[in-house]
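Peer 1:
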Amino acid sequence: AQKITQTQPGMFVQEKEAVTLDCTYDTSDPSYGLFWYKQPSSGEMIFLIYQGSYDQQNATEGRYSLNFQKARKSANLVISASQLGDSAMYFCAMREGGSEKLVFGKGMKLTVNP
Amino acid sequence: DAGITQSPRYKITETGRQVTLMCHQTWSHSYMFWYRQDLGHGLRLIYYSAAADITDKGEVPDGYVVSRSKTENFPLTLESATRSQTSVYFCASSDRGRFFQPQHFGDGTRLSIL
Numbered sequence: 001a002q003k004i005t006q007t008q009p010g011m012f013v014q015e016k017e018a019v020t021l022d023c024t025y026d027t028s029d030p031s032y033g034l035f036w037y038k039q040p041s042s043g044e045m046i047f048l049i050y051q052g053s054y055d056q057q058n059a060t061e062g063r064y065s066l067n068f069q070k071a072r073k074s075a076n077l078v079i080s081a082s083q084l085g086d087s088a089m090y091f092c093a094m095r096e097g098g099s100e101k102l103v104f105g106k107g108m109k110l111t112v113n114p
Numbered sequence: 115d116a117g118i119t120q121s122p123r124y125k126i127t128e129t130g131r132q133v134t135l136m137c138h139q140t141w142s143h144s145y146m147f148w149y150r151q152d153l154g155h156g157l158r159l160i161y162y163s164a165a166a167d168i169t170d171k172g173e174v175p176d177g178y179v180v181s182r183s184k185t186e187n188f189p190l191t192l193e194s195a196t197r198s199q200t201s202v203y204f205c206a207s208s209d210r211g212r213f214f215q216p217q218h219f220g221d222g223t224r225l226s227i228l
């Protein structure tokens with residue numbers, strides 16, 4: 001069963017607008033962590049933001065925030081005020097409490113237009 | 115702050131040859147991981163290691179061998195390369211901690227098997 005689902009293969013957004021990247025997950029473990037990574041065209045994987053299942057508040061890191069809806073099992077990444085440099089592949093990933101292993105979604109491509 | 119480095123960045127080899135991809139981290143992180151990235155699959159875990167001399171299989175271990183004699187190094191060997199192992203390979207590391215620790219990635223090795 002697929003544990004991380006990213007259904008949007010690609011999205012386009014205008015510079016300076018906000019954009020939401022969808023991620024749903026599946027786990028029966030009450031303790032888990034959700035991560036978002038960015039992969040620009042240069043290829044490296046860059047950690048963006050993390051949300052723990054027990055965290056009371058949605059995570060934020062600068063222009064990145066995570067819209068965590070536990071009951072719906074969704075962990076959407078929100079990028080505010082998009083910049084051209086935000087154009088990249090974005091991956092959602094999950095780690096369950098009893099494991100060090102990350103399970104990745106298939107990713108989605110964001111293109112920011114000037 | 116050297117972080118995590120992979121070598122080589124690019125490698126072309128022939129089927130049946132042995133090839134070793136190197137990974138070195140300077141953070142003294144306990145955990146190290148090897149992933150492969152293929153179009154349509156996201157990142158898939160090949161092997162991981164919790165400490166020196168402790169390794170375990172991931173999702174797609176067949177055809178690969180790992181070792182970890184020192185905490186900072188985690189080489190990945192393809193003993194007899196096949197064309198299906200053409201991929202981008204990422205090494206990652208993470209620390210032990212009370213809460214979920216993000217994995218930090220190397221820049222990747224692009225491997226082509228002819």
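In order, the protein sequence lines correspond to chains H and U.
Numbered per the numbering used here, the first sequence spans residues 1 to 114.
Numbered per the numbering used here, the second sequence spans residues 115 to 228.
Each residue gets a CB set at the ideal place from its N, CA and C atoms; glycine is no exception.
These numbers were taken from a predicted model, which means no experiment stands behind them.
Compare the C-beta of His-155(U) against all C-beta atoms of chain H and say whether one is closer than 8 angstroms.
Peer 2: By this cut-off, His-155(U) is an interface position.
Peer 1: Quick check on Arg-131(U): does DSSP put it in helix, strand or coil?
Peer 2: Note: Arg-131(U) maps to coil in three-state DSSP.
Peer 1: Under the DSSP definition of a beta bridge, which residues are partnered with Glu-17(H)?
Peer 2: DSSP output for Glu-17(H) lists no bridge partner at all.
Peer 1: Does the CB of Tyr-25(H) have a neighbour CB from chain U at under 8 angstroms?
Peer 2: Closer than 8 angstroms: no.
Peer 1: Helix, strand or coil for Arg-210(U) per DSSP?
Peer 2: Coil at Arg-210(U), not helix or strand.
Peer 1: Ser-142(U) lies in the beta strand (DSSP E); which residues open and close that run?
Peer 2: Taken as a continuous stretch (DSSP letters only), Ser-142(U) belongs to no beta strand (DSSP E), as it is neither H nor E.
Peer 1: What's the call for Ala-18(H), buried or exposed, on a 16-neighbour Cβ count within 10 Å?
Peer 2: Under this definition Ala-18(H) is an exposed residue.
Peer 1: Whether or not the segment 57-77 of chain H and the segment 159-171 of chain U are in contact is what I'm after, with contact meaning three or more pairs of Cβ atoms, one per stretch, closer than 8 angstroms; do they touch?
Peer 2: The segment 159-171 of chain U, when compared against the segment 57-77 of chain H, does not touch it at the 8 angstroms Cβ threshold.
Peer 1: Give the C-beta separation of Pro-189(U) and Leu-135(U) to the nearest angstrom, bearing in mind that I take them to be a contact with Cβ-Cβ under 8 angstroms.
Peer 2: Confirmed, about 7 angstroms.
Peer 1: Does the segment 6-13 of chain H come into contact with the segment 69-78 of chain H, if we say contact requires no fewer than three beta-carbon pairs (one atom in each stretch) closer than 8 angstroms?
Peer 2: No, because fewer than three Cβ pairs between the segment 6-13 of chain H and the segment 69-78 of chain H fall closer than 8 angstroms, the two stretches do not touch.
Peer 1: I'd like the list of long-range same chain contacts for Gly-130(U), defined as Cβ closer than 6 angstroms, with 5 residues on each side in sequence excluded.
Peer 2: Counting only Cβ-Cβ distances below 6 angstroms, and skipping sequence neighbours, we find Ser-194.
Peer 1: Checking 8 angstroms against the spacing of the C-beta atoms, do Arg-95(H) and Gly-43(H) come in under that value?
Peer 2: For Arg-95(H) and Gly-43(H), no; Cβs fall outside 8 angstroms.
Peer 1: Please report how far the alpha carbon of Met-35(H) lies from the alpha carbon of Ile-49(H), in whole angstroms.
Peer 2: The sequence given here places Phe at residue 35(H); Met does not occur at that position. Cα to Cα, the separation comes out at about 6 angstroms.
Peer 1: What are the partner residues of Ser-121(U), as DSSP defines its beta bridges?
Peer 2: Its beta-bridge partners are Met-136(U).
Peer 1: Taking a Cβ distance cut-off of 7 angstroms, strictly less, list which residues of the segment 167-188 of chain U are near chain H, in chain order.
Peer 2: Taking 7 angstroms as the Cβ-Cβ cut-off against chain H, the residues of the segment 167-188 of chain U that qualify are Gly-172.
Peer 1: With 16 as the cutoff for other CB atoms within 10 Å, does Leu-228(U) come out buried or exposed?
Peer 2: Flag for Leu-228(U) reads exposed.
Peer 1: Please go through the same chain and pick out, in chain order, the residues whose beta-carbon is closer than 6 angstroms to the beta-carbon of Thr-111(H), but skip the five residues on each side of it.
Peer 2: The answer, listed in chain order, is Phe-12 and Ser-87.
Peer 1: Taking all protein chains shown into account, decide if Ser-142(U) is buried (16 or more other Cβ within 10 angstroms of its Cβ) or exposed.
Peer 2: Exposed, since its Cβ has fewer than 16 Cβ neighbours within 10 Å.
Peer 1: Look at Leu-84(H) and Pro-114(H) and say whether their C-beta atoms are less than 8 angstroms apart.
Peer 2: The answer is yes: Cβ separation under 8 angstroms.
Peer 1: Mind listing, in chain order, the continuous beta strand (DSSP E) runs of no fewer than 3 residues lying wholly within the segment 148-181 of chain U?
Peer 2: Fully enclosed beta strand (DSSP E) runs of 3 or longer: 156-165, 168-171 and 178-180.
Peer 1: Nearest-angstrom Cα distance between Phe-29(H) and Gly-177(U)?
Peer 2: A small correction: the amino acid at residue 29(H) is Asp; Phe does not occupy that position in the sequence shown. C-alpha separation (whole angstroms): 31 angstroms.
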